[in-house]
Structures are given as structure tokens and as C-alpha cells.
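J.: This is the structure, below, for whatever I ask next.
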Amino acid sequence: MIGHSDTRKMVVSVDEDEKLMGTLFLSGQNRNTWFLTEDGLYEVLMQSRKPIAKAFKKEVKVMLKSIRKHGAYMTEDTVACQLHTKKRTGYQQSKEYLYR
3 MIGHSDTRKM VVSVDEDEKL MGTLFLSGQN RNTWFLTEDG LYEVLMQSRK
53 PIAKAFKKEV KVMLKSIRKH GAYMTEDTVA CQLHTKKRTG YQQSKEYLYR
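At position 31 of the sequence shown (counting the first as 1) the number is 33 in the working numbering, and the numbers step up by one without a gap.
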């Protein structure tokens with residue numbers, strides 16, 4: 003996925019609680035293999051300079067900014083649905099307020 007050039011170095015850079023060692027049975031042999039937790043994957047992506055990681059980091063920044071500004075991250079569709087629901091229940095709120 004991210005094509006890390008040195009996976010051993012990558013695994014060392016991840017905190018112990020963000021990875022685990024597992025055994026896979028491949029070609030008739032048990033092989034010890036590192037697995038990343040969700041947090042470990044985020045860590046590796048944040049460290050990477052690959053295009054896929056850069057796109058991921060940009061999207062994370064958009065989400066964090068939205069959470070800081072509005073207390074939640076919502077897509078345009080979610081905002082539209084929320085506004086529609088609030089209008090149906092008699093409570094009106096403008097997009098301008100949500101995007102302040």
C-alpha cells in the first residue's frame with residue numbers, strides 16, 4: 003500500500019503498543035510477522051512522504067480543523083441531512099452557522 007522501502011526500520015519506529023507479532027503459516031512453515039494496529043498504521047502514514055500518505059495527511063488536517071471549529075466532522079451530505087432533519091422538526095439552522 004505505502005511501499006515502505008525498509009520495513010524493519012518502519013517497525014522499529016512504531017511504538018510497542020501500536021504493533022504486534024503474529025505467526026503466519028506460509029509454504030508449510032510458521033513465520034513470525036509484524037502487524038500494525040490502527041494507530042500504528044496512522045503513525046506510519048504520518049511519517050511517510052509517499053503520495054498516498056500525503057493525501058491521507060491532508061484529509062486528516064481537514065477533519066481536525068472541522069472538529070476544532072465545529073466540534074464534529076461532517077461531510078456536505080451529512081450537513082445537508084442534518085439541516086433537512088432539523089427543518090422537518092421545526093428547528094431551523096443555516097449552513098453558515100455550521101461552517102463558522
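Using N, Cα and C, we set each Cβ at its ideal position, and we do this for glycine too.
From a predicted model like this one, the values you see are computed outputs, not experimental measurements.
Candidates Ser15, Thr35, Val64: which alpha carbon is nearest Val46's?
T.: As a working note, residue 46 is residue 44 in the sequence shown. With distances taken between Cα atoms, Val46 lies closest to Ser15.
J.: Please decide whether Asp8 counts as near chain D, where near means a Cβ-Cβ distance under 7 Å.
T.: Although the question refers to chain D, the structure presented lacks it and comprises just one protein chain.
J.: Is the segment 6-26 touching the segment 34-53 in the sense that three or more CB pairs, one from each, lie closer than 8 Å?
T.: Judged by Cβ distances under 8 Å, the segment 34-53 makes contact with the segment 6-26, as three or more pairs qualify.
J.: What's the call for Met65, buried or exposed, on a 16-neighbour Cβ count within 10 Å?
T.: As a position in the sequence shown, residue 65 is number 63, starting the count at 1. Met65 should be labelled exposed.
J.: If you reduce the DSSP assignment to three classes, tell me which class Gln94 lands in.
T.: Along the sequence shown, read from residue 1 onward, the residue named residue 94 stands at position 92. With a pLDDT of 48 at Gln94, under the threshold of 50, the predicted position of this residue should be treated as unreliable, though the coordinate-derived value follows. DSSP places Gln94 in coil when its eight states are reduced to three.
J.: Is Gly30 buried or exposed, if buried means 16 or more other CB atoms sit within 10 Å of its CB?
T.: Residue numbering aside, residue 30 sits at position 28 when the sequence shown is read from its first letter. When all chains shown are included, Gly30 counts as exposed.
J.: Name the one or two DSSP bridge partners that Gly24 has.
T.: On the sequence shown, position 22 is the one that residue 24 refers to. DSSP output for Gly24 lists Thr35 as bridge partner(s).
J.: State the CB to CB distance for the pair Gly42 and Glu20, rounded to an integer number of angstroms; the pair is presumed to be in contact (CB under 8 Å).
T.: The residue labelled residue 42 in the question sits at position 40 within the sequence shown. The residue labelled residue 20 in the question sits at position 18 within the sequence shown. With 8 Å as the limit, Gly42 and Glu20 qualify as a contact, their Cβ atoms being about 3 Å apart.
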